Each structure stands twice: as structure tokens, then as C-alpha cells.
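Enquirer: Quick one: the structure is below, questions incoming.
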Amino acid sequence: MDISASCFSLNIQENRKAIKEEQKQDAKFQEIIVSCKSLSRYDGKTLKTLLPQVLAAILAASLHMAVGLSLSFSGILVPALDKQLQNGTDDDGQLYASKDESAWIASVVVIIVPVGSITAGLAMDAWGRLWAVRLAIIPTVIGWCLIASASSISMIIAGRLLTGFATAWASIPATVYITEIARADMRGSLVVTAPSFASLGMLICFLKGWFLHWRTVAWLCNIYAIIPILFLFLIPESPAWLVSKGKIEEAARSLNWLNKYQPQPENRHESLAELQLHALQKEHQAKLEEQARVGDSGAMSKVKEFFKPTGYKPLLILTGLFFFQQFAGIYITLFYSVNFFNEVGSTINPYLASVMLCLIRMVMALSNSYFLKTFNRRSLLITSGFGMAFCTGLSGLFTYLIKEGSLHATWLPIASLLLFVVASMIGFLPIPWTMMAELFPLEIRGVANSIAYSIGNLLMFAAIQSFWGLVDVFHGFAGVQWFFAVVALFASVYTYIFVPETHRKKLTEITSYFQTSTGIYILSQKKSPRKSATPSNGSRVAKKDIVLSANGQNEKLIQNV
């Protein structure tokens with residue numbers, strides 16, 4: 133009895149000690165939040181004050197053109213190799229690909245992305261955001277040279293592996309850089325420049341593939357990688373990263389460059405750059421103290437978090453979303469675009485149709501910021517799913533009728549597929565990628581994002597790899613499109629039943645939902661909302677989340693490319 137009482141007393145003392153530590157951390161984070169919020173009122177309101185940040189964001193995102201070229205190159209390469217297979221010979225020395233080899237050529241570029249993302253994360257933390265992007269030039273150039281000079285399919289696949297690896301190094305550090313240098317009210321708009329450049333790269337690829345041999349296009353792709361890398365030497369490194377490495381003088385110079393046109397803050401002796409530097413130093417010190425408090429148990433505690441409802445439920449939901457995203461044909465129609473448009477029975481040039489597809493993607497990528505800010509995630513996903521189902525179902529019907537000879541308006545399947553792209557871009561293409569940063573609690577967000585990102589790419593690989601098998605199973609392109617329509621229809625049903633709303637929701641609300649619900653969203657809405665089991669922890673997490681957002685440290689990876 134005495135032993136039990138002693139243990140109980142010891143437990144109370146430990147809990148009190150933990151609560152005091154939590155309260156100290158809360159006070160420190162609250163001080164940083166107030167400091168960050170007070171800085172935003174000093175931001176200049178004119179366009180001139182934004183120019184350095186806009187220029188830095190555009191130049192950092194410009195290498196995404198190479199990302200778009202890498203993703204879309206299979207669209208012009210696969211039909212060229214298929215044509216050589218049909219003709220039996222070619223000027224290049226009988227270089228052709230079977231259906232299985234074509235599937236590997238198209239899909240191998242994404243299977244390597246998880247490895248690239250992990251190494252890119254390590255590189256940008258060790259050497260800086262911009263140097264990680266600059267180093268992407270090495271695998272990019274080697275990969276394109278291998279493809280352009282390939283004497284075998286193996287060389288093409290090796291080149292595609294390298295360019296796929298480089299896409300992670302070109303995109304992830306650049307996106308993080310933009311979130312760190314952009315002020316809060318402009319961050320969303322500037323991050324959108326990255327997928328816009330990727331869409332521009334896709335457009336360039338199909339335009340050149342329309343008129344030039346695929347080897348020539350591969351050689352030219354090096355230009356779109358080298359020139360952006362040279363421009364990166366004109367902009368400064370992320371001040372947040374410089375502070376984290378103790379390079380305070382360099383961080384000050386970087387902030388002075390980014391704020392060179394900002395007015396002098398009223399009633400303050402320091403410039404805005406100096407005030408931001410002090411805020412970054414405070415935030416970094418708070419992070420160091422938090423890491424020291426957690427100690428060696430940090431890694432094990434992260435593993436344990438995945439066995440809680442707040443860890444495994446979001447991961448399962450995202451896995452479902454990624455499955456429907458990939459097998460509804462969103463990326464398949466990009467990677468096999470020329471083949472796809474060539475086989476639906478239309479007389480429109482398939483390269484012209486591919487160019488139109490990329491133009492639509494680019495316009496919609498620029499519009500995504502508005503849609504994601506204005507409408508609920510669930511509404512966008514459900515509308516997107518029904519829209520995709522209707523468009524691919526209709527396109528499949530038109531393809532079937534054209535093949536049967538009972539329909540002569542051959543432009544109809546192309547129009548339906550282009551509308552399918554519009555429907556995908558408002559919901560099921562961007563939202564699964566962006567929801568990664570919204571569903572997970574802050575303690576495991578970085579690790580969980582990497583896991584979810586890898587799952588998304590593995591499912592993309594599976595979908596692209598299985599395409600020709602699906603064509604055989606469903607007896608042609610009409611059947612495949614009907615399959616896509618059914619998957620898209622189930623995607624809307626899945627969203628309605630399982631996917632929670634995150635638009636304008638606090639992190640504590642999302643965490644509370646996963647802690648208290650069964651995971652079936654429509655059932656939880658019928659019940660009265662319950663309070664979170666851990667309000668104090670949730671509150672502290674929410675505060676840290678605000679700090680990260682206020683200082684541009686939220687490493688959300690927008691992958692709607």
C-alpha cells in the first residue's frame with residue numbers, strides 16, 4: 133500500500149514538472165508569435181517593396197521547367213519508340229521499345245522520387261536550400277545526355293532514373309526556399325509559381341516534340357536546366373537556414389537584399405530586416421531548447437505517434453486519396469498523352485491536343501490558389517470526382533462510337549478529355565498533395581509528409597506501369613476510360629464518407645477529430661462535437677504551427693505539377 137502511494141505521489145510530481153515545462157514553452161512561443169505578428173504591420177504596401185521577394189521566388193522556381201520536361205518527356209518518347217516498333221526499323225539503328233519497356237520508360241521517373249526527396253531534404257539542411265537546387269544540375273545533365281545519345285533502351289531508362297532523381301532536388305528545396313523568403317500574405321501566391329513553371333516545361337516539351345526528333349528535344353532540355361541554375365547565383369540564401377547554421381552576418385545581408393525597398397518602420401530605430409533577424413534568432417533558440425527538452429526520446433516518440441489515431445488515420449485517408457488520384461487517370465493521361473489522344477479516334481493532331489492539355493494545366497495551376505482559398509476541400513474533391521467521371525465516361529462513349537463508325541465528330545473525345553483535365557485540376561490533382569501538411573499533427577508532420585509523399589509516388593508508379601495492362605484487360609482505350617470514370621465516381625463517394633474538412637480549420641480541431649471520431653466523417657457530423665482529450669498539448673502545437681507560418685518555416689510541398 134505504501135509503495136503504491138509513493139508511486140502515485142511520484143507520478144503527480146512528474147506530471148506537475150511536465151506541466152511547468154509545457155507552460156514555459158507556451159510562454160516562449162507566445163512571445164515569438166506576438167513578435168512575428170507585430171512585424172507584419174511594417175511591411176510596405178507598394179509593388180516595389182515586393183519586387184526582391186517576387187524575383188527570388190521566380191528564379192528559385194524556374195528550374196521547375198526541367199521538372200515539367202522530365203515528367204512529360206515520355207509523352208513524346210513512348211509513341212516515337214512504338215512507331216519504330218511498328219515500322220520495324222529506324223534511322224537510329226533499330227532502336228525500339230516493347231509495351232513493357234515503354235511502361236518502364238514512362239514510370240521509372242517517379243519510382244526514384246522518394247529516394248530523391250529524402251536525400252534532397254538532407255542536402256538542403258546541410259548545404260542550404262539554393263545549393264541543393266544547384267546540385268540538381270548534375271543528375272539532370274547526365275540523365276538528358278544519356279537519353280539523347282542512347283543506343284539501347286537500358287540507357288534511356290538509366291537517363292530517366294537520373295532526371296527523376298533530379299526532379300526532387302530541383303523542386304523540394306526550391307519550394308521550401310520560397311516559403312521561407314516570402315512574407316505571409318504573399319506566400320501562397322509565390323509558391324504557385326513552381327507548378328506554373330512545371331506546366332510551362334510540359335508545354336515546351338510537347339511543342340518541341342511536335343516538330344523535332346526526340347533526341348534533339350533531349351539535348352535541348354539541358355538548356356532549360358543550365359540557364360535557371362545560373363540565375364540562382366543572383367539571389368541570396370534563405371535567411372532562416374543561415375540563422376539555423378549560425379551564419380548571422382550572411383543572414384543579415386540576405387534579409388537586407390529581400391527588404392531593400394521596404395520603408396523604415398515607424399517609431400523604430402531598427403530596419404525591418406534587423407527586426408526580422410531578431411525574430412528568426414528567437415525562433416531558432418526556442419527550437420533548440422525544445423529539442424534539448426525532448427532529448428533522445430524524440431525519435432521513438434515519433435514512432436509511437438503513428439500508432440495513435442492522429443497518426444494512422446490521416447495516413448490511411450491520404451493513401452485512399454492517392455489511390456483514386458492515380459487510377460482515375462490523372463497522371464496516366466499526361467505520361468501517355470500523345471498515345472492517348474492518338475487512340476481515342478480523333479483526327480486532331482495528338483501533339484496539338486497535348487499542347488492544349490498543358491496550356492489548361494498551366495492556367496489551372498495559376499488559378500489553384502484562388503480555389504483552395506475560397507472553397508472547402510471536400511466540395512472541391514467531390515465536384516472534381518464527379519466531373520472527371522462524367523468527362524471520361526463521355527469520352528469513352530465517343531471513342532467507342534467513333535471506332536464503331538457511328539460518330540464522325542472526332543473532336544468530341546479530345547474536348548471531353550480536356551474538360552477532364554480541368555475537373556482534375558480543381559480537386560483531385562492538387563488537394564491530396566496539399567492535405568499532407570494539414571492532416572498530421574506538428575510533432576510528426578515532417579516524417580509523415582515524407583511517408584505520404586512516397587506512398588503517392590509509389591501509387592503513381594503502379595498506375596503508369598499498369599497502363600498497357602489495363603488497355604488489354606478492358607479491350608482498348610474506350611474501356612480504359614470507362615474504368616477511369618468508375619474510379620473517379622468512387623473517389624467522390626470515398627471523399628463524402630471518409631475525408632474530413634480542413635479548410636479554415638485549426639490544427640487543434642483536426643487533431644481532435646481524429647482522436648474522437650471513428651474515421652467515418654459523415655457519422656461524426658451527426659454527433660455533437662466533443663472536446664479534445666489533450667487540449668493543452670493541442671494548444672501548444674497550434675501555437676508552434678502559427679510561429680512556423682509567420683516566419684515562413686512551413687515546409688509545405690505543393691506537387692500539383
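Converting from the sequence shown to the working numbering requires adding 132 to each position, the first position being numbered 1. Here a beta-carbon is modelled for each residue, glycine too, at the ideal position from N, C-alpha and C. Since the structure is predicted, the reported quantities are computational estimates derived from the model, not experimental observations.
1) At the 8 Å Cβ level, is Trp373 part of the contact set with chain B, yes or no?
2) So, under 8 Å CB-CB, Phe606 and Ser239 are touching, yes? Tell me the CB distance rounded to an integer number of Å.
3) In angstroms with no decimal places, state the Cα-to-Cα distance between Met488 and Leu498.
4) Helix, strand or coil: which one does DSSP assign to Glu402?
5) Find out if the Cβ-Cβ distance for the pair Ile190, Cys337 is shorter than 8 Å.
6) Using a threshold of 8 Å, state whether the C-beta atoms of Gly525 and Trp614 are closer than that.
7) Span of the alpha helix (DSSP H) holding Pro271?
8) Quick one: measure Cβ to Cβ for Gly200 and Leu332, integer angstroms, because I've assumed they're closer than 8 Å.
9) Using a 10 Å radius around the Cβ and a threshold of 16 neighbouring Cβ atoms, would you call Thr640 buried or exposed?
10) Can you give me the Cβ contacts of Asp182 inside the same chain, cut-off strictly under 7 Å, excluding the 5 residues immediately before and after it?
11) In whole angstroms, give me the CA-to-CA distance for Ser386 and Gln413.
12) How is Gln417 classed by DSSP in three states: helix, strand or coil?
13) Out of Lys505, Ser516, Thr627 and Glu536, which one is the CA nearest neighbour of Ser321?
14) Measure the Cβ-Cβ separation of Phe459 and Pro564 and say whether it is below 8 Å.
15) Quick one: give me the first and last residue of the alpha helix (DSSP H) that Val245 is part of.
16) Roughly how many angstroms lie between the CA atoms of Ile309 and Leu539, to the nearest whole one?
17) Would you call the CB atoms of Leu278 and Trp301 closer than 8 Å?
18) From Lys180 to Ala298, what does the alpha carbon distance come to, in whole angstroms?
19) Quick check on the burial criterion: 16 or more other C-beta atoms within 10 angstroms. Buried or exposed for Ser194?
20) Do Leu450 and Leu571 have their C-beta atoms closer together than 8 Å?
21) Rounded to whole angstroms, what is the Cα-Cα separation between Trp351 and Pro211?
22) Would you kindly check if the distance between the Cβ of Ala326 and the Cβ of Thr307 is under 8 Å?
23) Going by C-alpha distance, which of His410, Pro562, Ala411 and Tyr628 is nearest Met496?
24) Reducing DSSP to helix, strand and coil, say where Phe467 ends up.
25) Using three-state DSSP, classify Val324 as helix, strand or coil.
26) Would DSSP call Trp236 helix, strand or coil?
27) Could you check if Tyr502 is buried or exposed, using at least 16 other CB atoms within 10 Å of its CB as the buried criterion?
28) Ignore the nearest five residues each way along the sequence and tell me which others in Met287's own chain have a CB closer than 8 Å to its CB.
29) Helix, strand or coil for Ile122 per DSSP?
30) What do you reckon, are the CB atoms on Gly559 and Ala610 nearer than 8 Å?
31) Could you pull out every residue in the same chain whose Cβ sits closer than 8 Å to the Cβ of Phe630, ignoring the five residues on either side in sequence?
32) What do you reckon, are the CB atoms on Ala188 and Leu409 nearer than 8 Å?
33) By a C-beta neighbour count over all protein chains shown, 10 Å radius and 16 as the cutoff for buried, is Glu415 buried or exposed?
34) If we count Cβ pairs, one from each stretch, closer than 8 Å, do we get three or more for the stretch 507-516 versus the stretch 634-649?
35) Residues in its own chain within less than 6 Å of Pro632 by CB, not counting five upstream and five downstream?
36) Consult DSSP for Asn500 and reduce its assignment to one of helix, strand or coil.
Expert: Walking through what the data contain:
1) Of the protein chains in this structure there is only one, and it is not chain B.
2) Incorrect: roughly 19 Å between the Cβ atoms, too far for contact.
3) 16 Å
4) coil
5) no
6) yes
7) Ile269 to Ala280
8) 6 Å
9) buried
10) In the sequence as presented, Asp is not what sits at residue 182; that position holds Leu. Met318.
11) 14 Å
12) helix
13) Lys505
14) no
15) Val245 to Trp259
16) Sequence inspection shows Tyr at residue 309; the Ile mentioned does not correspond to that position. In a straight line, the C-alpha of Tyr309 is about 52 Å away from that of Leu539.
17) no
18) 34 Å
19) buried
20) yes
21) 19 Å
22) yes
23) Pro562
24) helix
25) coil
26) helix
27) exposed
28) Leu278, Ile279 and Ser281
29) The question about residue 122 has no answer here: the residues shown for the chain are numbered 133 through 693.
30) no
31) Ile449, Gly452, Gly651, Ile652 and Tyr653
32) no
33) buried
34) yes
35) Tyr645 and Tyr653
36) helix
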